[in-house]
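> Under UniProt numbering, the first residue of the sequence shown carries the number 1, and numbering increases by one thereafter. Glycine included, C-beta positions come from ideal geometry on N, C-alpha and C. From a predicted model like this one, the values you see are computed outputs, not experimental measurements. Input: one structure, supplied below.
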Amino acid sequence: MTPSEDRPRGPMLLDTAAVVVAASAAGLTFDRAFAPATLAAVVLPSALVPAIGIAAAAWRAGLAVRIAVHLCSLALLFVLLNDAALALMAMTLPAPPDPALVAVPVGCTWLASAAGTELAWARARGGGLVVLLPAAPVLVYTTLLAPPTRLSPVPYGVLAACAAIQLVRSTVRPGGRVFGSAAGRAAVPLAAAAAVAFAAPPIVGTSARERVDPRDHLPQWGLPQSTVHPVDQVDGWLADPGRILFRARTDRPVRYWRLVALEDFDGTRWSPPVRYTRAGLGVPSPSPPAARAGETVSQVVTVQGLTGPFLPTVDRPVRIGAPVSAVDTRSGVLLTGASVGPGVTYRLTSASASPSGTAKCGDPVGMSSDDPALAVPPDLTGPLGQLAGTGRCTGSFDAFAGELSRRLGDGRHNVSGGPSSGGSVGALAELLRAGGSGTVVEFAAAFALGARAAGVPSRLVIGFEPASAVAGRSTRCTRATCGCGSTCGCRTRAGPRIT
């Protein structure tokens, strides 16, 4: 006779109920990856179906039902181990409600419920944490997946309550009182410890300053080898100023659009990011955030004369969709793996930059001295130091940028119509000498490196400036610009300006 046949079924049913609640709560910790409505539709059924099937089969010795439940468990386990769990871990969040991705919370919840229910009906007595242990791997996975959300304390609190109740139940004999024995009294601090253990992850995850992102160690999306360097495209755009590159409709006036940020400079040319994270529906926020909550710009962009793989956006995107395939989480640059041509339309939302006049200089947050955004070629240290002036930028960035622009433009002139592929150390040295000249790219590169010499992280940015910027109306982008960072840039045919 098996334990489930000679043991009262009441404790088994209570254990099964605890398993269903715990598995559902564990499944709801995927709120950091999916919308609550998506989870609500799949988590509870995924916890109930295997529990009911196994309990009914154990009660009535229904071997066929039990086999069917475990075959489903094996199928879901195969899906998780084959690709789905890794694919969800490797993309930006939130994730789209793709069935292949929703299979992850479904499978995790199902497996936690099935394994816990099997333990509940195989044990000789009720209570204890062992029936809840199958939910633990789910918590480990979601903790690695992303930081907790504002709703995360709710499922963790439910799990803590289940753990506490199970600990208390395990110390009470049938017909006995909860606090009538030494074991019952000892269960109280144990239950409190279990509550702390289950509730601690969202608290610790929220307060942690640095978090290891598994996406940094997983396979990433590479820049196609056939990609034309964006700097090489500037000449063609400038030579045909009437050519419409893309159209956009926004809910707020937008003056500047960004295509790509070039951070690495090897002394010969600037390079775009080469590794990207697979795109979900969001772009992780920079640290510290660049804009206050609520300052967003919604955009509907229709491509006309661009060929990809880079997609224009208002800096910095926070919500994205097709055809965005990947994103550089450091700069927010968007990449598409699909063919881009006239008529391709996509929607996205960006966090607007800080209002002009509010940006402050200071020590770069979370950056080391060898960070690419601070690197300066050794051969240009002297000329760039003279350009930067008195040293590090410590006050208003707008004032610093204005002074740097004045110094850069003093006695130098822009060679309009010259090749825009410049930017080498030799070309920059020629520009930085007294009375030097250079192309728009060289002026922008000198500005960016001059800012770096003053301790300001900067990048070379290829972007666009529309002829007008009116909310709710279509904007035609025809003029290419080169700039540095998200706060300064260069006119197409003039000197530096603050943006």
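1. Are the beta-carbon atoms of GLY450 and LEU374 separated by less than 8 Å?
2. Quick one: Cα of ALA84 to Cα of PRO241, how far?
3. Can you check whether the CB of VAL283 is closer than 8 Å to the CB of PRO317?
4. Buried or exposed: which applies to PRO378, given that a residue is buried once 16 or more other Cβ atoms fall within 10 Å of its Cβ?
5. Enumerate in chain order the residues of its own chain whose CB-to-CB distance from SER424 is below 8 Å, with the five nearest sequence positions on each side excluded.
6. Check THR227 in the structure and name its three-state DSSP category.
7. I need the DSSP call for GLY157, collapsed to helix, strand or coil.
8. May I have a chain-ordered list of the alpha helix (DSSP H) segments no shorter than 4 residues that lie completely inside the UniProt domain "Transglutaminase-like" (428 to 468)?
9. Which same chain residues, not among the five before or five after ALA280, have their C-beta less than 7 Å away from its C-beta?
10. What residue from CYS72, ARG278, SER226 and VAL130 has the CA that sits closest to THR109's CA?
11. What do you reckon, are the CB atoms on TYR256 and GLU465 nearer than 8 Å?
12. I'd like to know if the region 233 to 253 and the region 271 to 280 are in contact, where contact means that at least 3 CB-CB pairs between them fall below 8 Å.
13. DSSP three-state label for SER113, please.
14. For ASP98, which of helix, strand or coil comes out of DSSP?
15. If I measure Cβ to Cβ from ALA103 and keep anything under 6 Å in the same chain, skipping five residues before and after, which residues do I get?
16. Using DSSP with H/G/I as helix, E/B as strand and the rest coil, what is ASP315?
17. Could you tell me the alpha carbon to alpha carbon distance between LEU334 and LEU460, rounded to whole angstroms?
18. For LEU380, does the count of other Cβ atoms within 10 angstroms reach 16, so buried, or fall short, so exposed?
19. Quick one: Cα of SER325 to Cα of ARG258, how far?
20. State the start and end residues of the unbroken alpha helix (DSSP H) segment that holds ARG66.
21. Helix, strand or coil: which one does DSSP assign to GLY385?
22. The beta strand (DSSP E) that contains ARG406, what's its start and end?
23. To the nearest angstrom, report how far apart VAL254 and ARG247 are at their CA atoms.
24. By alpha-carbon positions, which one of GLN166, GLY409, GLY455 and HIS217 ends up nearest to ASP371?
25. Would you report the Cα separation of ALA17 and PRO214, rounded to the nearest angstrom?
26. For the alpha helix (DSSP H) that contains SER46, what are its first and last residues?
27. Between LEU81, VAL441 and LEU311, which has its C-alpha nearest THR227's C-alpha?
28. Return the bridge partner residues of SER298 from the DSSP annotation.
29. Going by DSSP, what residue range makes up the beta strand (DSSP E) through THR277?
30. Pick from PRO153, ALA22 and ARG169: whose alpha carbon is nearest that of PRO11?
31. Taking the alpha carbon of PRO45 as the reference point, which residue from TRP59, PRO342, ARG32 and GLY27 has its own alpha carbon closest?
32. From GLN166 to LEU144, what does the alpha carbon distance come to, in whole angstroms?
33. Can you tell me whether ARG392 is buried or exposed, with buried defined as 16 or more other CB within 10 angstroms of its CB?
34. Using the rule of at least 16 other Cβ atoms within 10 Å of the residue's Cβ for burial, across every protein chain shown, is ILE67 buried or exposed?
35. If you compare alpha carbons, which of GLY308, LEU408, ALA453 and ALA64 is closest to VAL376?
36. Rounded to whole angstroms, what's the CA-CA distance from ARG9 to ALA55? Just pull it up for me.
Taking the structure as given:
1. Your numbering for residue 450 matches position 450 in the sequence shown. Your numbering for residue 374 matches position 374 in the sequence shown. Result no, Cβ atoms of GLY450 and LEU374 do not sit closer than 8 Å.
2. Here residue 84 refers to the residue found at position 84 of the sequence shown. Here residue 241 refers to the residue found at position 241 of the sequence shown. Straight-line Cα distance between these residues: approximately 46 Å.
3. By one-based count along the sequence shown, residue 317 stands at place 317. By one-based count along the sequence shown, residue 283 stands at place 283. For PRO317 and VAL283, yes; Cβs fall inside 8 Å.
4. Taking the first residue of the sequence shown as 1, we reach residue 378 at position 378. PRO378 should be labelled exposed.
5. Working through the sequence shown from its first residue, we reach residue 424 at position 424. So the list reads GLY267, THR268 and ARG269, once near-sequence residues are dropped.
6. Start at 1 with the first residue of the sequence shown, and residue 227 comes out as number 227. Three-state DSSP puts THR227 in coil, outside helix and strand.
7. In the sequence shown, residue 157 corresponds to position 157, counting from 1. Residue state, collapsed to three classes: helix.
8. 440 to 453
9. In the sequence shown, counting from the first residue as 1, residue 280 sits at position 280. For the sequence presented, residue 280 should be read as Gly rather than Ala. For GLY280, where only same-chain residues beyond five positions count, the Cβ hits under 7 Å are MET91, THR92, LEU93, PRO94, ALA95 and PRO96.
10. Looking up residue 109 in the sequence shown gives position 109. Checking every option, the nearest Cα to that of THR109 belongs to CYS72.
11. As a first step, residue 256 is located in the sequence shown; it is residue number 256 there, counting from the start. As a first step, residue 465 is located in the sequence shown; it is residue number 465 there, counting from the start. Yes, they are a contact pair.
12. no
13. By one-based count along the sequence shown, residue 113 stands at place 113. Helix.
14. Taking the first residue of the sequence shown as 1, we reach residue 98 at position 98. Here ASP98 sits in coil by DSSP.
15. Residue numbering aside, residue 103 sits at position 103 when the sequence shown is read from its first letter. For ALA103, where only same-chain residues beyond five positions count, the Cβ hits under 6 Å are VAL79 and ALA84.
16. Here residue 315 corresponds to residue number 315 of the sequence shown, with the count starting at 1. Coil.
17. Mapped onto the sequence shown, residue 334 falls at position 334. Mapped onto the sequence shown, residue 460 falls at position 460. Approximately 16 Å, taken between the alpha carbons.
18. Start at 1 with the first residue of the sequence shown, and residue 380 comes out as number 380. So LEU380 ends up on the buried side.
19. Start at 1 with the first residue of the sequence shown, and residue 325 comes out as number 325. Start at 1 with the first residue of the sequence shown, and residue 258 comes out as number 258. Cα to Cα, the separation comes out at about 17 Å.
20. Taking the sequence shown and counting its residues from 1, one reaches residue 66 at position 66. First-last of the alpha helix (DSSP H) with ARG66: 63 to 79.
21. Stepping through the sequence shown from its first residue, residue 385 is reached at position 385. Here GLY385 sits in helix by DSSP.
22. Taking the first residue of the sequence shown as 1, we reach residue 406 at position 406. No beta strand (DSSP E) contains ARG406, which is instead part of the alpha helix (DSSP H) from 397 to 409.
23. The sequence position of residue 254 within the sequence shown is 254, counting from 1. The sequence position of residue 247 within the sequence shown is 247, counting from 1. VAL254 and ARG247: Cα-Cα distance of roughly 12 Å.
24. In the sequence shown, the residue the question calls residue 371 occupies position 371. Answer by Cα proximity: GLY455.
25. Taking the sequence shown and counting its residues from 1, one reaches residue 17 at position 17. Taking the sequence shown and counting its residues from 1, one reaches residue 214 at position 214. Their Cα atoms are separated by approximately 34 Å.
26. Here the question's residue 46 lines up with position 46 in the sequence shown. Where SER46 is concerned, the enclosing alpha helix (DSSP H) stretches over 36 to 60.
27. Sequence index remark: in the sequence shown, residue 227 carries index 227 (1-based). Of the candidates LEU81, VAL441 and LEU311, the one whose C-alpha sits nearest the C-alpha of THR227 is LEU311.
28. As a working mapping, residue 298 is identified with position 298 in the sequence shown. For SER298, which the question treats as bridged, DSSP gives the partners THR349.
29. On the sequence shown, residue 277 is found 277 positions in, with the first residue counted as 1. That run of the beta strand (DSSP E) goes 275 to 278.
30. Along the sequence shown, one-based indexing puts residue 11 at 11. With distances taken between Cα atoms, PRO11 lies closest to ARG169.
31. One-based indexing of the sequence shown puts residue 45 at position 45. Per the Cα distances, GLY27.
32. For the purposes of this step, residue 166 is taken as the residue at position 166 of the sequence shown. For the purposes of this step, residue 144 is taken as the residue at position 144 of the sequence shown. So the alpha carbons of these two residues sit roughly 27 Å apart.
33. Here residue 392 corresponds to residue number 392 of the sequence shown, with the count starting at 1. So ARG392 counts as exposed.
34. Residue numbering aside, residue 67 sits at position 67 when the sequence shown is read from its first letter. Exposed, because fewer than 16 other Cβ atoms sit within 10 Å of the Cβ of ILE67.
35. For this step, residue 376 is matched to residue 376 along the sequence shown. Closest option to VAL376, Cα to Cα, is ALA453.
36. Taking the sequence shown and counting its residues from 1, the one referred to as residue 9 is at position 9. Taking the sequence shown and counting its residues from 1, the one referred to as residue 55 is at position 55. ARG9 and ALA55: Cα-Cα distance of roughly 10 Å.
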